[in-house]
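Remarks on the structure that follows.
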Amino acid sequence: MAKPGKTDERRRDEVLLEVEGLSIALPQGAERAHAVEDISFTLNRNEILCVVGESGSGKSMTANAIMGLLPKPHVRPVAGSIRFEGSDLLTQSESALRKLRGSRVGMIFQEPMTALNPLMTVGKQIGEVFDAHGQIDRKERRRLILKLLDDVGLPDPEILIDTYPFRLSGGQRQRVMIAMALALEPAMLIADEPTTALDVTTQAQILELIRKLQESRNMGVMFITHDFGVVAEIADRVAVMQTGRIVELGTADEVLNDPKHDYTRRLIGAVPQFAPPERPAPAGEILLNVEGLRKTYVTSRGLFAKKREVAAAKDITFDIRRGETLGLVGESGSGKSTVGRCLVRLLDTDGGHIRFRELDFASLKGEALRAQRKHIQMVFQDPYASLNPRQKVGRIVAQGPRANGVPEEEAMARAKELLELVGLGAGALDRYPHEFSGGQRQRIGIARALALEPELLVADEPVSALDVSVQAQVLDLLDDIKKRLNLAMLFITHDLRVAAQICDRMAVMRLGEIVEYGRTHEVFNNPQHEYTKALLSAVPGRDWSIPEVALQQAHGGQSGGAPAR
Amino acid sequence: MRPATKDFWKRFLGNRGALIGLFILISVVLMAIFAPLIYPKDPWAMVQRPFLPPLDAQGFWFGTDTLGRDIGAGLVYGAQVSLLVGVVSTVVALAIGVTLGAVAGYYGGLVDDALMRFTEFFQTIPNFALAIVLVAILQPSTESVIIAIGVVSWPPVARLVRGEFLSLRSREFVQAARVVGQSNGQIIFGQVLPNTLSPIIVMASLMVATAILLESALSFLGLGDPNTMSWGYMIGAARTVIRQAWWMSVFPGVAILLTVLALNLVGEGLNDALNPRLARKGR
Chain B
6 MAKPGKTDER RRDEVLLEVE GLSIALPQGA ERAHAVEDIS FTLNRNEILC VVGESGSGKS
66 MTANAIMGLL PKPHVRPVAG SIRFEGSDLL TQSESALRKL RGSRVGMIFQ EPMTALNPLM
126 TVGKQIGEVF DAHGQIDRKE RRRLILKLLD DVGLPDPEIL IDTYPFRLSG GQRQRVMIAM
186 ALALEPAMLI ADEPTTALDV TTQAQILELI RKLQESRNMG VMFITHDFGV VAEIADRVAV
246 MQTGRIVELG TADEVLNDPK HDYTRRLIGA VPQFAPPERP APAGEILLNV EGLRKTYVTS
306 RGLFAKKREV AAAKDITFDI RRGETLGLVG ESGSGKSTVG RCLVRLLDTD GGHIRFRELD
366 FASLKGEALR AQRKHIQMVF QDPYASLNPR QKVGRIVAQG PRANGVPEEE AMARAKELLE
426 LVGLGAGALD RYPHEFSGGQ RQRIGIARAL ALEPELLVAD EPVSALDVSV QAQVLDLLDD
486 IKKRLNLAML FITHDLRVAA QICDRMAVMR LGEIVEYGRT HEVFNNPQHE YTKALLSAVP
546 GRDWSIPEVA LQQAHGGQSG GAPAR
Chain A
406 MRPATKDFWK RFLGNRGALI GLFILISVVL MAIFAPLIYP KDPWAMVQRP FLPPLDAQGF
466 WFGTDTLGRD IGAGLVYGAQ VSLLVGVVST VVALAIGVTL GAVAGYYGGL VDDALMRFTE
526 FFQTIPNFAL AIVLVAILQP STESVIIAIG VVSWPPVARL VRGEFLSLRS REFVQAARVV
586 GQSNGQIIFG QVLPNTLSPI IVMASLMVAT AILLESALSF LGLGDPNTMS WGYMIGAART
646 VIRQAWWMSV FPGVAILLTV LALNLVGEGL NDALNPRLAR KGR
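First to last, the sequence lines map onto chains B and A.
With the working numbering, you'll find the first sequence wraps up at 570, consecutive numbering, no jumps.
With the working numbering, you'll find the second sequence wraps up at 688, consecutive numbering, no jumps.
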């Protein structure tokens, strides 16, 4: 096993990877002929290159081509070269590539929860990397693994090395993945959205770790992401991809603060600004009052075993006024979705009051509840799972009015109006959900929620599954509808940037409790609770303010009547 | 036509096994429908000398049985019985199984526990033994055979439908239907059930085949309707003379084999066409 000696000094500008004119063909009948087309870029030693783009832009495909992980023969490189440390990877044999993977090039993936084998201890899995690239004696191997675990900042390596992955959190698993990728001290690390599945505070830690390891080991890192906040946090240089082409390539400072290409400007302009605008205090009457709401999940484990209890919501109190958007912000497991689901009565509460105007909403049951459901409606998170694949869009939108006794024709006419309101046009009525993109499906979901003329809209992470440019449009739509119909909205999100954009007031949740509650700009500018401070400081790219050119481009593009997506 | 429907036909018709199965099945169905035209005489009528081997006399391609009845007529009329029993008993089994499975899977909790214990109760008794007991109690007739087969074959349907409902009821589109105020009935029939149809259709096609086998086995034991000529009865009646007159049991046996095989081929084709992601590779 050849390892790089400690003596070789590397300069920052030494080229490690050189991709030139690379094109990758897709099978016939695919969306487009090439996944990536004629892309060229270089990666130097000792730098982080961020490849950024929306879904389907070909950024992951590029990484897989470098690793030789394309699903050949359906998807194959047809032109260009990938030169790594002097040799063209595209012409190498599979066995030569296998030797390269792991030892010279490491890779980490998006999903830490499924990337580890649940039946192997952490130490064994890292050990496999050594075994795959030659023998080391067991004692030495264990010592190296312990050092790696320590390097990636995991606590108690001595204990952790013999632990099974299910005991680790998502962030810890991602650290183990990083340790595996770095085990043989590769010269290049490819990171494919490594922090996308993680909470914001964990993400900040992992980003810092990658940055630190990159510097201490003089690695070249190719970091793939869709998030410009992350780019601002970590990148030395940036490549922006759009439908298989690199449209802009430059230093982080150039691309982020002075974007040249229209597409880059549009993308950056769509990133929600971190600084919330000061909004007038909401003046409408109080529509919903939640007091002391409690919800505990009880998992029974057989007849005699002790039951396991998880308090998802403890003593939650807040109110929402007409015409106001209240943000419910927190990390995964904080109980924010539970609260939302209790409000629309998908879950029964274990205590406390939900007063909707004069109505005691929490105690309604059966038919009485069904008749009152129309006042509080919900927009769901996953635009792909929330529409019945076997129903036409018209029927989906009309189902609420139909269930509440509105005649078929009237319900359909209403559905048509609503689809126009959310920017889809009446042509959508007779089509099936799979014919629409994610953003369009979310519009359908919004139309469905509005069909019953609700007074309160609960939006559970409605934009977290969408690309940033589509996200901005859906947020605008929600805000616009709220104002036009004078709705109250409970907006559940993990993304503080989004919260800053849309919420009048916000409540920060942690472990089932609201730890901070107040006007959005006050919470952002003067957080009181430690946890709020930690959350705010973990938002990637918080020091970067979106340049004026990008903002103009984004708004100019919208008023210019860009086709709704 | 919906693009999904077009895809379905493209995949189904591209499957050679399924096409052969469909062809055999259609032939059997046509045979059953036009039985009175092909053999205007009663299949029970004695029309020639007994023990006439196949192709020995003009018009008696399949020979005659121990009493001089035309085997060919028996085959054609037997197709009627087999298909009738197969299809109707499957409908009975689906009615019981889908209802119980849907209720158990949708409501969960105690309802689910109670219904599933009930289902297991039926599963622990061997199918065939229970069918024999039921027919014996009800007196042999076409109706009692149908009821018996229906009653013994619903548990797998219930389990399948329950599983599908369990996974579908927590999907967001079902929750969305609850939030807009749809009743449980509307959700079960309008939202969830249409999404479970593919596996149910596949299972039903295979159940028809099993039902035909069960009916043949019951008739073989003399528990079929005494007034209808069925394939199982023909084999049962001919078994004592199988060494002298092979044709009496072989032809109905081949008829059962081909029909069941055809149904299995069609079922498999449906499975591959309706669940393209699970389809076996290399066709």
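The C-beta atom is built at its ideal place from N, Cα and C for all residues, glycine as well.
This one's a predicted model, so the numbers in the text were calculated from it and none came from an experiment.
For Gln445 (chain B) and Leu429 (chain B), I'd like the C-alpha separation in whole angstroms. Near 7 Å, if we compare the C-alpha coordinates of Leu429 (chain B) and Gln445 (chain B).
Best match in A:Tyr444, A:Asp412 and A:Val486 for proximity to Ser635 (chain A) [C-alpha to C-alpha]: The shortest CA-to-CA distance from Ser635 (chain A) to any of A:Tyr444, A:Asp412 and A:Val486 is the one to A:Val486.
List the residues of chain A whose Cβ lies closer than 9 Å to the Cβ of Ala408 (chain B), in chain order. Under the 9 Å cutoff, chain A gives Ala582, Val585, Gly586, Gln587, Ser588 and Gln591.
Quick one: residues in its chain with C-beta nearer than 7 Å to the C-beta of Val557 (chain A), no 5 flanking neighbours on either side, listed in chain order? Scanning its chain for C-beta atoms nearer than 7 Å, with the 5 sequence neighbours on each side dropped, one finds around Val557 (chain A) the residues Asn532, Leu535 and Ala536, in chain order.
Of all Cβ atoms in chain B, is any one closer than 8 Å to the Cβ of Arg564 (chain A)? No, because no Cβ of chain B sits closer than 8 Å to the Cβ of Arg564 (chain A).
May I have the straight-line CA-CA distance separating Asn51 (chain B) from Leu194 (chain B), to the nearest angstrom? Using only the alpha carbons, I get a separation of about 11 Å.
Counting pairs of Cβ atoms below 8 Å between the segment 461 to 480 of chain A and the segment 491 to 500 of chain A, do you hit three or more? No: the two stretches stay apart, fewer than three of their Cβ pairs being nearer than 8 Å.
Smallest Cα separation from Arg547 (chain B): which of B:Ala505, B:Val513, B:Glu518 and B:Glu535? Selected option, being the one with the closest Cα: B:Ala505.
Are the CB atoms of Pro199 (chain B) and Gln115 (chain B) within a distance shorter than 8 Å? Yes, they are a contact pair.
Should Ala616 (chain A) be flagged as near chain B, meaning a C-beta pair shorter than 8 Å? By this cut-off, Ala616 (chain A) is not an interface position.
Helix, strand or coil at Gly477 (chain A) according to DSSP, with G and I counted as helix: Residue state for Gly477 (chain A) is assigned as helix, using DSSP reduced to three classes.
What does the alpha-carbon distance come out to for the pair Phe89 (chain B) and Gly107 (chain B)? Our two residues, Phe89 (chain B) and Gly107 (chain B), have alpha carbons roughly 14 Å apart in a direct line.
Where do the ends of the alpha helix (DSSP H) carrying Ser86 (chain B) lie? Looking at the DSSP string, Ser86 (chain B) is not in any alpha helix (DSSP H); the run it does join, the beta strand (DSSP E), is Arg81 to Phe89.
Among B:Arg448, B:Ala35, B:His526 and B:Asp465, which has the Cα closest to the Cα of Lys421 (chain B)? Looking at the Cα atoms, B:Arg448 is the closest of the given residues.
Does Thr410 (chain A) come within less than 8 Å of chain B when only Cβ atoms are used? No, because no Cβ of chain B sits closer than 8 Å to the Cβ of Thr410 (chain A).
So, do the segment 439 to 459 of chain A and the segment 417 to 428 of chain A have three or more beta carbon pairs nearer to each other than 8 Å? No, they do not touch.
What residues in the segment 592 to 609 of chain A have a beta carbon less than 7 Å from any beta carbon of chain B? Answer set for the segment 592 to 609 of chain A: Gln596, Pro599 and Asn600.
Do Leu499 (chain A) and Ala660 (chain A) have their beta-carbon atoms positioned less than 8 Å apart in this structure? No. Outside cutoff.
Suppose you measure from the CA of Arg378 (chain B) to the CA of Thr343 (chain B); what does that come to, to the nearest Å? When rounded, the distance between both Cα atoms is 17 Å.
Could you give the DSSP three-state label for His526 (chain B): helix, strand or coil? His526 (chain B) falls in the helix class under three-state DSSP.
Kindly indicate which residue of B:Tyr268, B:Thr330, B:Gly410 and B:Leu292 has the alpha-carbon position closest to the one of Leu556 (chain B). Comparing Cα positions, the closest option is B:Tyr268.
Whole runs of the alpha helix (DSSP H) within the segment 192 to 231 of chain B, excluding any shorter than 4 residues: Fully enclosed alpha helix (DSSP H) runs of 4 or longer: 205 to 222.
Consider the Cβ of Phe385 (chain B): report whether some Cβ of chain A lies at a distance smaller than 8 Å. For Phe385 (chain B), a Cβ of chain A is located within less than 8 Å of the residue's own Cβ.
Residues of chain B with CB under 9 Å from Phe413 (chain A), in chain order? Listed along chain B is no residue with a C-beta nearer than 9 Å to that of Phe413 (chain A); the closest approach is about 13 Å.
Would you say Ala390 (chain B) lies against chain A (beta-carbon separation less than 8 Å)? Taking 8 Å as the threshold, the shortest C-beta distance from Ala390 (chain B) to chain A falls below it.
Consider the Cβ of Leu351 (chain B): report whether some Cβ of chain A lies at a distance smaller than 8 Å. At least one beta carbon of chain A lies nearer than 8 Å to the beta carbon of Leu351 (chain B).
Could you say which of B:His380, B:Arg313 and B:Leu501 lies nearest to Leu292 (chain B) if we only look at CA atoms? Across the set B:His380, B:Arg313 and B:Leu501, the C-alpha of B:His380 shows the shortest separation from the C-alpha of Leu292 (chain B).
Would you mind giving the Cβ-Cβ distance between Val235 (chain B) and Val243 (chain B), rounded to the nearest angstrom? I have them listed as a contact below 8 Å. Incorrect: roughly 11 Å between the Cβ atoms, too far for contact.
Would you say Gln382 (chain B) reaches chain A, if we count a Cβ-Cβ gap shorter than 8 Å as a contact? Contacts with chain A at 8 Å (Cβ-Cβ) include Gln382 (chain B).
Check whether chain A comes within 8 Å of Lys379 (chain B), counting only Cβ atoms and requiring the distance to be less than that. Lys379 (chain B) belongs to the set of residues whose beta carbon lies under 8 Å from a beta carbon in chain A.
Under 7 Å from the C-beta of Phe578 (chain A): neighbouring residues of chain B: Residues of chain B with a Cβ closer than 7 Å to the Cβ of Phe578 (chain A) are, in chain order, Ala390, Ser391, Leu392 and Asn393.
How about the segment 129 to 139 of chain B and the segment 202 to 215 of chain B: do they share at least three Cβ pairs that are nearer than 8 Å? By the Cβ test, the segment 129 to 139 of chain B is not in contact with the segment 202 to 215 of chain B, since fewer than three Cβ pairs between them sit closer than 8 Å.
Against Arg375 (chain B), what residues of chain A qualify as contacts under a CB-to-CB distance less than 7 Å, listed in chain order? In chain order, Gly586 and Ser588 make up the part of chain A whose C-beta sits under 7 Å from the C-beta of Arg375 (chain B).
Comparing the C-beta of Gly340 (chain B) with each C-beta of chain A, is any distance below 8 Å? So, not an interface residue.
Please confirm if Arg446 (chain B) has its CB atom under 8 Å from at least one CB of chain A. Not closer than 8 Å to any Cβ of chain A, the Cβ of Arg446 (chain B) fails to qualify, so no.
Using a Cβ cut-off of 7 Å, which residues of the segment 410 to 424 of chain B contact any Cβ in chain A, in chain order? Going along the segment 410 to 424 of chain B in chain order, one finds no residue with a Cβ nearer than 7 Å to chain A.
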